[in-house]
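**Student:** For the sequence shown, the positions run 270 to 549 when the working numbering is used. Where is the CB? At the ideal position from N, CA and C, for every residue including glycine. It should be emphasised that the depicted structure is a prediction, and the values quoted were computed from it without experimental measurement.
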Amino acid sequence: MRSLLFAPANRPDLVAKTARSGPDAVAIDLEDGVPTAEKAATRALVPPAAAALRASCGEASLITLRVNAPTTEWFETDVAEALCPEVDGVVVPKLESAEQVQQVRRALAAAGREDASVIAGVETALGVHHVDEVVGAGVEAVYFGAEDYIADMGGIRTASSQEVLYARSRVALAARVAGVASLDTVVVAFNDDAAFRADAEDGRAIGYRGKLCIHPSQVPLANEIFGHTQAEVDRARRIINAFEESSSRGAGVTVVDGQMIDEPMVRLARAVLADVAGRG
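#1: Hey, out of Gly496, Arg536, Thr340, whose CA is closest to Ile509's CA?
#2: Hey, quick one: how far does the beta strand (DSSP E) through Cys482 stretch, first residue to last?
#3: Looking at Ala338 and Val303, is the spacing between their C-beta atoms short of 9 Å?
#4: Figure out for me which residue from Val360, Ala394, Gln369 has the closest Cα to the Cα of Ala450.
#5: Taking three-plus beta-carbon pairs below 8 Å as touching, is the segment 303 to 316 in contact with the segment 511 to 521?
#6: Within this structure, are the beta carbons of Leu490 and Asp462 separated by less than 9 Å?
#7: Just curious, the alpha helix (DSSP H) that Phe344 is in, first and last residue?
#8: If you check the beta carbons only, do Ser330 and Asp293 fall under 9 Å apart?
#9: Mind checking which residues open and close the alpha helix (DSSP H) that includes Thr523?
#10: Pairing CB atoms from the segment 472 to 488 with CB atoms from the segment 435 to 451, are three or more of them under 8 Å?
#11: Following the continuous alpha helix (DSSP H) through Gln369, name the residue where it begins and the one where it ends.
#12: Taking just the CA atoms, how far does Ala276 sit from Leu352?
#13: Starting from Met529 and walking both ways along the beta strand (DSSP E), at which residues does that stretch end?
#14: On the DSSP letters alone, give me the boundaries of the alpha helix (DSSP H) that Arg335 sits inside.
#15: I think Ala464 touches Lys480, with their Cβ atoms under 8 Å apart; what is that distance to the nearest whole Å?
#16: Using CA coordinates, which residue listed in Arg289, Pro362, Phe344 is at the minimum distance from Gly327?
#17: Rounded to the nearest angstrom, what separates Ala436 and Gly519 at their Cα positions?
#18: Enumerate in chain order the residues of its own chain whose CB-to-CB distance from Asn460 is below 6 Å, with the five nearest sequence positions on each side excluded.
#19: On the CB-based measure, 16 or more other CB atoms within 10 Å of its CB, does Val336 come out buried or exposed?
#20: Sorted by chain position, which residues of the same chain lie with C-beta nearer than 6 Å to Arg426's C-beta, five sequence neighbours on each side aside?
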């Protein structure tokens, strides 16, 4: 998932348009995107919206449902009433323990959807503190929510994002160790492409594999930054070919484009080609 685009569940017209920007995944949002007074009534809008979205995008996008957190009064009913066959999985915000992940799995089983994937939201101080426990409890992906995290910390959100660097890195590290996909935080300035690009590049450098998007215009940028250019793919192939040829002669290192190549760089090159193969 290079891009996960959110659309509020109480706006089926916006849900229907999400496929146009080409996101790898869509989240029909019952949490932050829906006012408290509308949450119960909005659940009934999810199945027809998801069915229409599946008809328009086919299997090109993963369709998910962001439910309310397990600690809220809405969680159980969100899963029971809104998780229709067209939805591939759930996005669960503010997870803080393995027990909460198991609570999610029990709710999915009760709804007859043991097959549904779980994308865990880590966006509180306790969630970051217990992130290893959360990602190790049987989730398919994890995202970091910087806005909620810094609010929970009582900190101040800044343009530099230095205040969330530790937590952001901690979540990416835990995801890598657990072998699950990682999604970087949102950029709330949805009309500022430069800000989104800079933030996404920072997330990619840390090790995230994709990004949360709150506006369709952010999707192509996420797909580009978390994807691979043809030049990167070509260089990866050159690195692997040169290293294999060098190894066949008993040499441990070789040179490509004026740069010394050793085993760690070969692993990175192989990861690039694996990414491209997995998406193509």
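**Tutor:** So, from the data block:
#1: Arg536
#2: 479 to 482
#3: Taking C-beta atoms as the reference points, Val303 and Ala338 fail to come closer than 9 Å.
#4: Val360
#5: no
#6: yes
#7: From DSSP, the alpha helix (DSSP H) with Phe344 extends over 344 to 351.
#8: Cβ distance < 9 Å, so Ser330 and Asp293 count as in contact.
#9: Per DSSP, Thr523 belongs to no alpha helix (DSSP H); it is in the beta strand (DSSP E), 523 to 525.
#10: yes
#11: 367 to 379
#12: Their Cα atoms are separated by approximately 16 Å.
#13: 528 to 530
#14: Segment 331 to 335 is the beta strand (DSSP E) holding Arg335; no alpha helix (DSSP H) there.
#15: That pair is no contact at about 13 Å.
#16: Arg289
#17: 43 Å
#18: none
#19: buried
#20: Ile419
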